[in-house]
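All remarks here apply to the structure that follows.
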Amino acid sequence: MTSGRGRVGVAVVGAGAISNQYLGNLTRYPDLDVRIVADTFKDRAAEQAAAFGVARSGSLEDALADDDVEIVVNLTNPLSHFQVSMLALAAGKHVWTEKPFAVELDEGAKLQQAANEAGTRIGCAPDTFLGPGLQTALGLIAAGEIGTAVSALTLFETPGPAPDHRNLALLFTRGGGPLFDIAPYYLTALVQAFGPLASVVATARTARPRRVIQVGPMAGREFTATVPTNVSVLAQFESGPMSTSVLSWDSPLNRQGWVEITGTRATIAVPDPNRFDGEVRLKRHGAREWVGVPLLGRGSGRGIGTLDIARAIRAGRPHRASPELAYHVLDSMVAIEESLRREGFVSVKSGCDRAELLPADWDPCARTL
Ligand SMILES: NC(=O)c1ccc[n+]([C@@H]2O[C@H](COP(=O)([O-])OP(=O)(O)OC[C@H]3O[C@@H](n4cnc5c(N)ncnc54)[C@H](O)[C@@H]3O)[C@@H](O)[C@H]2O)c1
């Protein structure tokens, strides 16, 4: 691999639904140089490269063979994450992967080990906690505005993922469902607020196992969900607080992004952890009204975690969406599954540090490299 200075070369692997947001942002950040879009379906890769002005498109192998690619952005389907990330690490590339980090816990451990051995970085979505919404809320919590943290309530209730998703059925199989697809947002936000989980207990069911594919060549075909579509979780955090979470794709309601964190002095309403902006509100003990708090930081979107890795590589500092955080979130989800099987509390053994807040002048659109 070349370089070590200047802009950081990036390959986007996986030219599906979410690549629109990533490519829109990554090609806008002046510290990054998106060199190639890759996909098993080369026509999709070519289409996305053309749409976002990226010079090359091709296969994963083409991306890994490009010496100017330093970071591989893995936007493949969850069951491909492990394999694609491992191949990228073996090729000496740094990796940013979409969530989940992996599907099995031992895969998460192998990814960490491979990155350590290769001396490369790996980071995992979500990077929403680096957006102005969560950064503002986390800053207030760190500054003691809510007092001692006591508890959190998170609600994610929808009828299910957008029915026009091309690979809808895949979202209802291993690596998907509201646990692996959605919980990473909520768990990551809670870990940033409270530190690591200590134990979990959960219940789940699948109220609507039969679903229908809405678009594409398979439109009209029914499929069966093989993962729970409604999961309720109680979590105990090492530092003392506890959380109650609902994760549902079975609800006629559309109530998502609800995160309230209560402390001894105030409750804070935190923005949707699947978004980068949103509203931060505080209700102080004894006050009648909620008070809105202006957001700090610059507008940003999917891809700022990749950018943080790029800047961290050049600065020789740790990146914020760390492999330890990714592994801990995976460990927590696997513990939730184990709790469903055992019908009882399960300890979460791994830990991780909370990420440092971004500096006030952090601007994804500034050229710093
Ligand atoms: N769609 C969303 O709204 C959304 C939002 C946030 C995060 N994500 C995450 O982004 C990832 C991708 O989701 P999506 O909705 O874009 O999926 P998608 O099915 O639309 O696209 C995935 C693409 O990856 C390609 N692919 C799969 N395996 C590959 C491999 N081994 N090598 C090269 N290409 C491969 C597929 O051909 C496909 O084009 C998932 O992990 C998902 O959790 C999606």
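The numbering used here applies: residue 694 is where the sequence shown begins, and numbers increase by one. Glycine included, each C-beta is placed from N, C-alpha and C at the ideal position.
Within the continuous beta strand (DSSP E) that includes Leu975, where are the two ends?
Here the beta strand (DSSP E) through Leu975 covers Val973 to Arg977.
Based on the DSSP output, what are the partners of Cys817 in its beta bridges?
According to DSSP, Cys817 bridges with Thr790.
Pick from Ala807, Ala710 and Gly837 that is closest to Arg859, judged by C-alpha positions:
With distances taken between Cα atoms, Arg859 lies closest to Ala710.
Give a single yes or no on whether Asn809 has its beta carbon closer than 7 angstroms to a heavy atom of ligand 1.
With a threshold of 7 angstroms, the Cβ atom of Asn809 does not count as near ligand 1, since no heavy atom of the ligand is closer than that.
Just checking, does the segment 977 to 986 make contact with the segment 740 to 757 on the three C-beta pairs under 8 angstroms criterion?
The answer is no - the segment 740 to 757 does not touch the segment 977 to 986, with fewer than three Cβ pairs under 8 angstroms.
Is Asp759 near ligand 1, with its Cβ less than 7 angstroms from a heavy atom?
Not so, every heavy atom of ligand 1 lies at least 7 angstroms from the Cβ.
Stretch pair the segment 892 to 908 + the segment 1045 to 1059: three plus CB contacts closer than 8 angstroms
Between the segment 892 to 908 and the segment 1045 to 1059, the count of C-beta pairs closer than 8 angstroms stays below three; the two stretches do not touch.
Could you check if Pro825 belongs to the surroundings of ligand 1, using beta carbon to heavy atom distance under 7 angstroms?
Of the heavy atoms belonging to ligand 1, none sits nearer than 7 angstroms to the Cβ of Pro825.
Taking DSSP as the reference, what is the three-state secondary structure of Ile954?
Three-state DSSP puts Ile954 in a strand.
Closest residue to Gly971 among Pro825, Leu861, Leu831 and His774 (Cα-Cα distance)
Out of Pro825, Leu861, Leu831 and His774, Pro825 has the C-alpha closest to the C-alpha of Gly971.
Gln776: CB within 7 angstroms of a non-hydrogen atom of ligand 1:
Here the distance from the Cβ of Gln776 to the nearest heavy atom of ligand 1 is below 7 angstroms.
Our contact map puts Leu880 next to Val1022 with C-beta atoms below 8 angstroms; I'd like the distance itself, whole angstroms only.
The Cβ separation is near 5 angstroms, so the contact holds.
Mind reading off the beta-carbon distance from Val766 to Ile729? Whole number of angstroms is fine, and I expect it under 8 angstroms.
Contact flag wrong, Cβ pair sits at about 11 angstroms.
Output the boundary residues of the beta strand (DSSP E) element that contains Arg898.
Unbroken beta strand (DSSP E) run through Arg898: Leu890 to Arg898.
Nearest by alpha-carbon distance to Ser938: which of Gly950, Ser925 and Arg698 is it?
From the listed residues Gly950, Ser925 and Arg698, the smallest Cα separation to Ser938 is found for Ser925.
Length of the line joining the Cα atoms of Pro902 and Phe865
So the two alpha carbons sit approximately 9 angstroms from each other.
Based on DSSP bridge pairs, tell me the residues matched to Gln929.
Gln929 pairs with Ser892 and Met935.
Segment limits, beta strand (DSSP E) that includes Ala739:
Segment Lys735 to Ala744 is the alpha helix (DSSP H) holding Ala739; no beta strand (DSSP E) there.
How about Pro1011 and Leu804: are their beta carbons less than 8 angstroms apart?
Contact annotation: Pro1011 and Leu804 have beta-carbon atoms that are not nearer than 8 angstroms.
So, helix, strand or coil for Asp1024, using DSSP?
Note: Asp1024 maps to helix in three-state DSSP.
Is DSSP giving Met694 helix, strand or coil here?
Only weak support is given to the placement of Met694: the predicted model assigns it a pLDDT of 47, under 50, and the value that follows is read from those uncertain coordinates. In the displayed model, Met694 falls within coil according to three-state DSSP, outside both helix and strand.
Does the distance from the C-beta atom of Pro898 to that of Glu915 stay below 8 angstroms?
In the sequence under discussion, the amino acid at residue 898 is Arg, which differs from the Pro named in the question. No, the Cβ-Cβ distance between Arg898 and Glu915 is not below 8 angstroms.
Three-state secondary structure (DSSP) at Ser1040?
If DSSP states are grouped into helix, strand and coil, Ser1040 belongs with the strands.
In angstroms, rounded to a whole number, what distance separates the CA positions of Pro934 and Asp1046?
Distance between the alpha carbons of Pro934 and Asp1046 is about 16 angstroms.
With a Cβ-Cβ cutoff of 8 angstroms, do Ala962 and Arg974 count as a contact?
Contact flag set, yes.
Using 8 angstroms as the cut-off, can you tell me whether the segment 698 to 714 makes contact with the segment 748 to 759, which would need three or more C-beta pairs spanning the two stretches below that distance?
Output reads yes: the segment 748 to 759 touches the segment 698 to 714.
Heavy atom of ligand 1 less than 7 angstroms from the Cβ of Val706, yes or no?
Within the cutoff, so yes.
Taking 8 angstroms as the cut-off, decide whether the C-beta atoms of Gly853 and Val920 are in contact.
Taking the C-beta atoms as reference points, Val920 is found no nearer than 8 angstroms to Gly853.
Can you list, in chain order, the residues of its chain with a C-beta nearer than 7 angstroms to that of Gly956? Leave out the 5 residues immediately preceding and following it.
Answer for Gly956: Ile839, Gly840, Thr841, Ala842 and Val843, listed in chain order.
Distance between Gly994 and Cys1058 (C-alpha atoms, nearest Å):
For Cys1058 and Gly994, the gap between their C-alpha atoms comes out near 11 angstroms.
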